[in-house]
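Taken in order, these protein sequences are the chains called H and Z.
For the working numbering, add 1 to where a residue sits in the first sequence, where the first one is 1.
For the working numbering, add 3 to where a residue sits in the second sequence, where the first one is 1.
First the structure, in the form of structure tokens, and then the observations on it.
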Amino acid sequence: MSRQASLVDADWVEAHLDDPKVVLIEVDEDTTAYDKGHIEGAIKLDWKQDLQDGVRHDFIGKDRLEALLSERGVGNDDTVVFYGGNNNWFAAYAYWYFKLYGHDDVKLLDGGRKRWELDSRELVEETPSRPATSYTAAEPDLSIRAFRDEVVDAIGVKNLIDVRSPDEYAGRLLAPAHLPQEAAQIGGHIPTAGNVPWSKAANDDGTFKSDDELRRLYADAGLDTSNDSIAYCRIGERSSHTWFVLHEILELDNVKNYDGSWSEYGSLRGVPVAVGDERGTA
Amino acid sequence: MCGAKTGGLSLEGVDVDNESIIQGVVVRGDAPVNGAYVRLLDRTGEFTAEVPTSATGHFRFFAAPGAWTLRTLAPRSEPLDRQVVASKGGVAEITVAL
Numbered sequence: 002m003s004r005q006a007s008l009v010d011a012d013w014v015e016a017h018l019d020d021p022k023v024v025l026i027e028v029d030e031d032t033t034a035y036d037k038g039h040i041e042g043a044i045k046l047d048w049k050q051d052l053q054d055g056v057r058h059d060f061i062g063k064d065r066l067e068a069l070l071s072e073r074g075v076g077n078d079d080t081v082v083f084y085g086g087n088n089n090w091f092a093a094y095a096y097w098y099f100k101l102y103g104h105d106d107v108k109l110l111d112g113g114r115k116r117w118e119l120d121s122r123e124l125v126e127e128t129p130s131r132p133a134t135s136y137t138a139a140e141p142d143l144s145i146r147a148f149r150d151e152v153v154d155a156i157g158v159k160n161l162i163d164v165r166s167p168d169e170y171a172g173r174l175l176a177p178a179h180l181p182q183e184a185a186q187i188g189g190h191i192p193t194a195g196n197v198p199w200s201k202a203a204n205d206d207g208t209f210k211s212d213d214e215l216r217r218l219y220a221d222a223g224l225d226t227s228n229d230s231i232a233y234c235r236i237g238e239r240s241s242h243t244w245f246v247l248h249e250i251l252e253l254d255n256v257k258n259y260d261g262s263w264s265e266y267g268s269l270r271g272v273p274v275a276v277g278d279e280r281g282t283a
Numbered sequence: 004m005c006g007a008k009t010g011g012l013s014l015e016g017v018d019v020d021n022e023s024i025i026q027g028v029v030v031r032g033d034a035p036v037n038g039a040y041v042r043l044l045d046r047t048g049e050f051t052a053e054v055p056t057s058a059t060g061h062f063r064f065f066a067a068p069g070a071w072t073l074r075t076l077a078p079r080s081e082p083l084d085r086q087v088v089a090s091k092g093g094v095a096e097i098t099v100a101l
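Following this line, the structure appears as structure tokens:
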């Protein structure tokens, strides 16, 4: 992939509003945002109701995804463009998830909902109806997904990138500061993980920084791109944003997203934890 | 937002004693600004959180004790920074005038 293949801007979206082969999908943390107004023609995926299993602590599998996208009218040969609030965190998560299940043509709207709103572009309340399809998903591509045991084995061996805010990394906060701090797990980070907050890869308006700025960011953070990398955050959405930067924009193929992230790791028994601003040792 | 009232967001149901709350309203003239984006930056200037303002212009963060910066982005306005100090059990009320 590349920036050109994986990102579109607002002008591109406006030029394709009537293109039936382009499916705009809004994915938000605040799942009511879509109902208050969305880009014309966009459908909604609720990252929790639609994409999470509901029983297992995991996202839905291949069969349920096929049923969901068939019912929502998404075809295998459609160009899917994700956008959302929170600087595209959950849109990036959906992008990663669609890639995992083999959708060929997926893109992110650069800057997401925020850039669109700050530009005072049009939002509508009408919901479109798309004819049902017969969607077929691929088996999950586990080259872009890391599970717990691989992460534990990666301590001191692979690049671990904690993309949460410095206060979450150090253990001073358990969740982003717009959410109540009621999480039950302990604070801290995976030992040897470096802290490169996702926000350093984005401008204030939510658009991604330039390729040169992004390369410099991770070079300055000491990322050895010849080694495998695993990104994580709290629940896997901000790390999808960083996975997008590394794997899609900068075209590094040895990068995984650990979507279990701190909400899983910080609740495990028998694993090491580091607190404070230093990386800690293996 | 439901529960909003003059003087600030309702704290009903919030465990104020155990939180370090920063909240307030974004206004342009006398009118609340819906759909502005308020970012919370830590003492080093690093992003910590961001919320869009509600229909009544309100926002709220559950921070940690210490010094923070609020950066407000809104259509037709330059980004505006305000300094704020949060304390555990306290509610820092901020009015951001664009």
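Idealized CB from N, CA, C, for every residue including glycine.
Just the chain Z side, please: which residues come within less than 8 Å of residue i by C-beta, in chain order?
i: residue 200 of chain H; result: 49, 50
i: residue 206 of chain H; result: 76
i: residue 280 of chain H; result: Simply none; closest approach about 17 Å.
i: residue 87 of chain H; result: 53
What do you get for residue i, buried or exposed, if any count of 16 or more other CB atoms within 10 angstroms of its CB means buried?
i: residue 22 of chain H; result: exposed
i: residue 242 of chain H; result: buried
i: residue 143 of chain H; result: exposed
i: residue 123 of chain H; result: exposed
i: residue 8 of chain Z; result: Bear in mind that the predicted position of residue 8 of chain Z carries a pLDDT of just 41, short of 50, making it too unreliable to give a figure here.
i: residue 1 of chain H; result: Not covered by the structure: residue 1 of chain H. The range shown for chain H is 2 to 283.
i: residue 88 of chain H; result: buried
i: residue 92 of chain H; result: buried
i: residue 39 of chain H; result: buried
i: residue 19 of chain H; result: exposed
i: residue 82 of chain Z; result: exposed
i: residue 23 of chain Z; result: buried
i: residue 100 of chain H; result: buried
i: residue 3 of chain H; result: exposed
i: residue 58 of chain H; result: exposed
i: residue 261 of chain H; result: buried
i: residue 245 of chain H; result: buried
i: residue 227 of chain H; result: exposed
Rounded to a whole number of angstroms, what is the C-alpha to C-alpha distance between residue i and residue j?
i: residue 229 of chain H; j: residue 103 of chain H; result: 22 Å
i: residue 63 of chain H; j: residue 131 of chain H; result: 21 Å
i: residue 29 of chain Z; j: residue 125 of chain H; result: 24 Å
i: residue 188 of chain H; j: residue 135 of chain H; result: 44 Å
i: residue 248 of chain H; j: residue 256 of chain H; result: 6 Å
i: residue 85 of chain Z; j: residue 72 of chain Z; result: 6 Å
i: residue 61 of chain H; j: residue 54 of chain H; result: 5 Å
i: residue 105 of chain H; j: residue 154 of chain H; result: 31 Å
i: residue 212 of chain H; j: residue 250 of chain H; result: 7 Å
i: residue 141 of chain H; j: residue 68 of chain H; result: 16 Å
i: residue 173 of chain H; j: residue 46 of chain Z; result: 13 Å
i: residue 60 of chain Z; j: residue 167 of chain H; result: 28 Å
i: residue 35 of chain Z; j: residue 74 of chain Z; result: 17 Å
i: residue 4 of chain Z; j: residue 220 of chain H; result: Confidence is the limiting factor: at residue 4 of chain Z the pLDDT is only 36, short of 50, which leaves the residue's position unreliable and the question unanswerable from this model.
i: residue 170 of chain H; j: residue 111 of chain H; result: 27 Å
i: residue 194 of chain H; j: residue 236 of chain H; result: 16 Å
i: residue 113 of chain H; j: residue 207 of chain H; result: 7 Å
i: residue 116 of chain H; j: residue 85 of chain H; result: 10 Å
i: residue 44 of chain H; j: residue 214 of chain H; result: 33 Å
i: residue 55 of chain Z; j: residue 62 of chain Z; result: 7 Å
i: residue 96 of chain H; j: residue 52 of chain Z; result: 22 Å
i: residue 197 of chain H; j: residue 177 of chain H; result: 15 Å
So, with DSSP's three-state summary, where would you put residue i?
i: residue 113 of chain H; result: helix
i: residue 272 of chain H; result: coil
i: residue 23 of chain H; result: strand
i: residue 5 of chain Z; result: Model confidence at residue 5 of chain Z stands at a pLDDT of 38, short of 50, so the residue's coordinates are unreliable; what they give is reported in the following sentence. Coil at residue 5 of chain Z, not helix or strand.
i: residue 15 of chain Z; result: coil
i: residue 37 of chain H; result: helix
i: residue 53 of chain Z; result: strand
i: residue 91 of chain Z; result: coil
i: residue 258 of chain H; result: strand
i: residue 14 of chain H; result: helix
i: residue 28 of chain H; result: coil
i: residue 118 of chain H; result: helix
i: residue 65 of chain Z; result: strand
i: residue 239 of chain H; result: helix
i: residue 140 of chain H; result: coil
Residue i versus chain Z: which residues are under 9 Å apart at the beta carbon?
i: residue 273 of chain H; result: Going along chain Z, no residue has its Cβ under 9 Å from residue 273 of chain H, so there is no contact; the nearest lies around 24 Å.
i: residue 47 of chain H; result: Correct list: empty, because the minimum Cβ distance to chain Z is about 18 Å.
i: residue 262 of chain H; result: The contacting residues do not exist; residue 262 of chain H stays about 17 Å from chain Z at best.
Using a Cβ cut-off of 7 Å, pull out every chain Z residue sitting near residue i, in sequence order please.
i: residue 178 of chain H; result: 43, 51, 52, 64, 65, 66
i: residue 174 of chain H; result: 67
i: residue 240 of chain H; result: Correct list: empty, because the minimum Cβ distance to chain Z is about 15 Å.
i: residue 168 of chain H; result: 45, 51, 67
What does residue i touch in chain H if you count any residue whose Cβ is under 8 Å from its own?
i: residue 38 of chain Z; result: 118
Just the chain H side, please: which residues come within less than 9 Å of residue i by C-beta, in chain order?
i: residue 82 of chain Z; result: 205
Would the beta-carbon of residue i be found less than 7 Å away from any heavy atom of the ligand SAH?
i: residue 29 of chain Z; result: Inclusion of the ligand SAH in the displayed structure is not the case, the ligand content being empty and no account of it being possible.
At what residue ranges does the segment 150-224 of chain H contain a whole run of the beta strand (DSSP E), taking only runs of 3 or more?
Listed in chain order, the complete beta strand (DSSP E) runs (minimum 3 residues) inside the segment 150-224 of chain H are 160-163.
Complete runs of the alpha helix (DSSP H) confined to the segment 40-97 of chain H [at least 4 residues]:
Correct list: 63-73.
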